[in-house]
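Heads up, the sequence shown is in my numbering, so the first residue is 83 and it goes up one at a time. Glycine included, every Cβ here is placed at the ideal spot set by N, Cα and C. Written below as structure tokens is the structure these notes are about.
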Amino acid sequence: HPALPMRGIWICFILLVLVRECAFYVRNNTIENTFSVVGVKEQEALDNNEELLLSKSFYIYKEFDWLDKDSVATIGNYTFQQWVKMTSSERGVREKHDDDLKFYLAASRHPMRVKNPEDAELFIIPLLHSYIGYDVVYGATNLRVCFNGLCGRDMLVRAENVLENSVWFKRNEGNDHLVVLTSIVWQFHPAFKTKQFKLMKKCHILKFGEGSPRWNNANRLSLNTFYVGTPCPTIPFKEKTNDLAMIAGFKSNKKFQDRRNICRWSNTTEFKTKHKFGVCGKGIQCPALSSARLGFHVRGDTISANRLYDTLLSGTVPIFTRKEQFEAHQSYIDWDNLSFFIPLGPNCTKDCFLKSLDSILEDKKEIERKTQNVLNNHHIFDWNTLVPFDNYLYMIQAHLWPETRVGKSKYSALILPGQLPPATLKEVNMSTSNLGHF
83 HPALPMRGIW ICFILLVLVR ECAFYVRNNT IENTFSVVGV KEQEALDNNE
133 ELLLSKSFYI YKEFDWLDKD SVATIGNYTF QQWVKMTSSE RGVREKHDDD
183 LKFYLAASRH PMRVKNPEDA ELFIIPLLHS YIGYDVVYGA TNLRVCFNGL
233 CGRDMLVRAE NVLENSVWFK RNEGNDHLVV LTSIVWQFHP AFKTKQFKLM
283 KKCHILKFGE GSPRWNNANR LSLNTFYVGT PCPTIPFKEK TNDLAMIAGF
333 KSNKKFQDRR NICRWSNTTE FKTKHKFGVC GKGIQCPALS SARLGFHVRG
383 DTISANRLYD TLLSGTVPIF TRKEQFEAHQ SYIDWDNLSF FIPLGPNCTK
433 DCFLKSLDSI LEDKKEIERK TQNVLNNHHI FDWNTLVPFD NYLYMIQAHL
483 WPETRVGKSK YSALILPGQL PPATLKEVNM STSNLGHF
């Protein structure tokens with residue numbers, strides 16, 4: 083019959099549409115979350131290979147549980163589930179400020195999470211604070227975050243209201259609560275500089291650390307967050323082909339003078355006969371960063387940069403160039419065993435820089451030792467693992483319940499509560515994060 087072939091074609095077409103729609107649904111609506119560049123099996127392998135210290139249970143407030151199946155969460159024109167499965171190029175925004183997003187994603191799958199607040203000893207309000215900042219300051223509607231009809235700054239008001247009505251908050255006046263406030267604009271924008279958020283000040287906070295003053299109450303912890311790094315595939319130490327790398331842009335203002343100086347001072351025949359500088363300035367990050375033994379951590383618009391974490395996750399040892407850079411990051415990291423330091427500034431210009439760099443590069447064994455330390459500790463800096471989230475919660479746990487402190491960790495660069503910072507870094511104000519060392 084002549085109609086049969088056409089009917090068969092239509093049946094095949096309908097089946098193809100159904101398969102496509104089912105695949106789309108599974109990809110975008112499953113509550114089991116994964117990161118944009120990490121598949122389920124890869125994520126499980128990562129999680130199973132990590133050491134976690136947290137032993138106290140925690141609860142994510144339902145009003146900010148972005149993957150809750152009974153809620154509607156969106157970022158721009160996408161559902162939250164769709165957004166976390168997109169690459170940064172698909173989103174049209176870099177991931178370096180996605181620490182708050184990845185903090186939540188780690189919390190959502192951490193083994194100490196409980197779904198009933200009565201079973202919890204710690205409580206989290208994981209605001210997507212960077213996205214709120216994009217919306218409020220820049221009017222970036224493509225990054226506007228909404229949850230059950232509330233968007234932008236209104237979500238901060240909601241957090242305050244949730245705390246006001248929470249029996250769990252009232253139980254210890256917020257001392258067992260953590261609020262995520264990681265956007266840099268929190269420190270200066272009028273929309274956020276208000277006395278309206280008085281209850282959040284009673285909580286421990288995770289904040290942007292570069293030069294930001296204490297915001298919450300003095301008897302609460304104020305923990306510095308860190309950038310999301312973009313790694314290159316690591317290269318074994320003996321196969322690295324360059325001594326140095328600094329992949330960085332330039333602007334005309336004086337904040338970028340250190341970058342200009344390093345490239346100018348190293349662009350001489352004498353320097354090039356002794357050392358191999360892969361990329362200095364603008365260039366393609368991979369494999370230039372991972373093929374270098376050392377990578378410069380140089381200030382830009384702010385004293386620090388995501389470049390530090392790009393470097394660490396690429397298996398390359400960073401060179402800090404300003405004392406304040408140590409203060410901008412987590413105070414519980416033994417940077418002395420992971421990095422080198424050349425103190426650029428009025429007291430260390432060209433001659434000082436070149437002499438210091440020669441001294442570092444002469445000691446190949448020390449560079450190799452620190453490279454191995456970087457590789458052994460990379461989970462600490464990888465937001466795609468559970469370890470950064472776990473460390474933050476553990477620091478609060480160790481503060482509240484000193485009897486639960488552990489004596490050692492597989493991560494040698496982790497300064498555990500009760501341990502002193504390395505002697506060479508004591509000069510640096512390691513308590514800038516207001517965490518201290520218990």
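Between the C-alpha atoms of residue i and residue j, what's the straight-line distance to the nearest angstrom?
{"i": "Y474", "j": "K280", "result": "23 Å"}
{"i": "R191", "j": "F471", "result": "11 Å"}
{"i": "N455", "j": "K252", "result": "43 Å"}
{"i": "Y186", "j": "P208", "result": "6 Å"}
{"i": "P199", "j": "S139", "result": "10 Å"}
{"i": "G215", "j": "T350", "result": "44 Å"}
{"i": "T431", "j": "C345", "result": "13 Å"}
{"i": "D147", "j": "L443", "result": "48 Å"}
{"i": "Y476", "j": "K197", "result": "19 Å"}
{"i": "H461", "j": "I478", "result": "19 Å"}
{"i": "D180", "j": "V469", "result": "16 Å"}
{"i": "A300", "j": "S265", "result": "20 Å"}
{"i": "H481", "j": "Y309", "result": "24 Å"}
{"i": "M282", "j": "E246", "result": "10 Å"}
{"i": "F270", "j": "W297", "result": "12 Å"}
{"i": "L498", "j": "Y414", "result": "7 Å"}
{"i": "E172", "j": "E133", "result": "32 Å"}
{"i": "V175", "j": "E485", "result": "43 Å"}
{"i": "R389", "j": "L303", "result": "26 Å"}
{"i": "H379", "j": "S248", "result": "43 Å"}
{"i": "K492", "j": "Q367", "result": "30 Å"}
{"i": "L238", "j": "N159", "result": "21 Å"}
{"i": "E145", "j": "P315", "result": "38 Å"}
{"i": "S170", "j": "S396", "result": "19 Å"}
{"i": "K184", "j": "D464", "result": "10 Å"}
{"i": "W250", "j": "N343", "result": "54 Å"}
{"i": "G500", "j": "G221", "result": "45 Å"}
Against chain D, does residue i count as a neighbour if the rule is that its beta carbon must be under 8 Å from one of theirs?
{"i": "L238", "result": "As a matter of chain content, chain D is missing from the structure shown, which is built from one protein chain."}
What is the DSSP secondary structure of residue i, counted as helix, strand or coil?
{"i": "D182", "result": "helix"}
{"i": "T161", "result": "strand"}
{"i": "R487", "result": "coil"}
{"i": "F146", "result": "helix"}
{"i": "Y141", "result": "strand"}
{"i": "C362", "result": "strand"}
{"i": "F274", "result": "coil"}
{"i": "V175", "result": "coil"}
{"i": "R342", "result": "helix"}
{"i": "V261", "result": "strand"}
{"i": "L496", "result": "strand"}
{"i": "T156", "result": "strand"}
{"i": "H461", "result": "helix"}
Specify, as a first and last residue, the run of the beta strand (DSSP E) that residue i falls within.
{"i": "V399", "result": "V399 to F402"}
{"i": "H481", "result": "Not the beta strand (DSSP E): H481 falls in the alpha helix (DSSP H), residues V469 to L482."}
{"i": "L443", "result": "That residue, L443, is in no beta strand (DSSP E); its alpha helix (DSSP H) goes K432 to E444."}
{"i": "R375", "result": "A374 to H379"}
Tell me where the alpha helix (DSSP H) around residue i begins and ends.
{"i": "F353", "result": "T351 to K356"}
{"i": "F408", "result": "K405 to E409"}
{"i": "D383", "result": "Careful: D383 lies outside any alpha helix (DSSP H) and carries neither H nor E."}
{"i": "L420", "result": "Careful: L420 lies outside any alpha helix (DSSP H) and carries neither H nor E."}
{"i": "I390", "result": "The amino acid at residue 390 is misidentified as Ile; the sequence shows Leu. Note, L390: alpha helix (DSSP H), R389 to L395."}
If residue i and residue j are in contact, beta carbons under 8 Å, what's the gap, nearest whole angstrom?
{"i": "I385", "j": "E406", "result": "5 Å"}
{"i": "I157", "j": "Y213", "result": "6 Å"}
{"i": "N459", "j": "A495", "result": "4 Å"}
{"i": "T403", "j": "L371", "result": "Wrong, their Cβ atoms sit about 16 Å apart, outside the cutoff."}
{"i": "L420", "j": "T398", "result": "Wrong, their Cβ atoms sit about 11 Å apart, outside the cutoff."}
{"i": "L326", "j": "A387", "result": "With 8 Å as the limit, L326 and A387 do not qualify as a contact, their Cβ atoms being about 17 Å apart."}
{"i": "S153", "j": "N230", "result": "5 Å"}
{"i": "V227", "j": "A273", "result": "Contact flag wrong, Cβ pair sits at about 15 Å."}
{"i": "K521", "j": "L305", "result": "Coverage of the chain is limited to positions 83 through 520, which leaves residue 521 absent and any answer about it impossible."}
{"i": "I424", "j": "I449", "result": "That pair is no contact at about 14 Å."}
Runs of alpha helix (DSSP H) wholly within the stretch 180-258 (minimum 4 residues, chain order): 181-191, 211-220, 236-246 and 249-254
Give the list of continuous beta strand (DSSP E) stretches no shorter than 3 residues that lie fully inside the stretch 285-338. 286-289, 304-306 and 324-329
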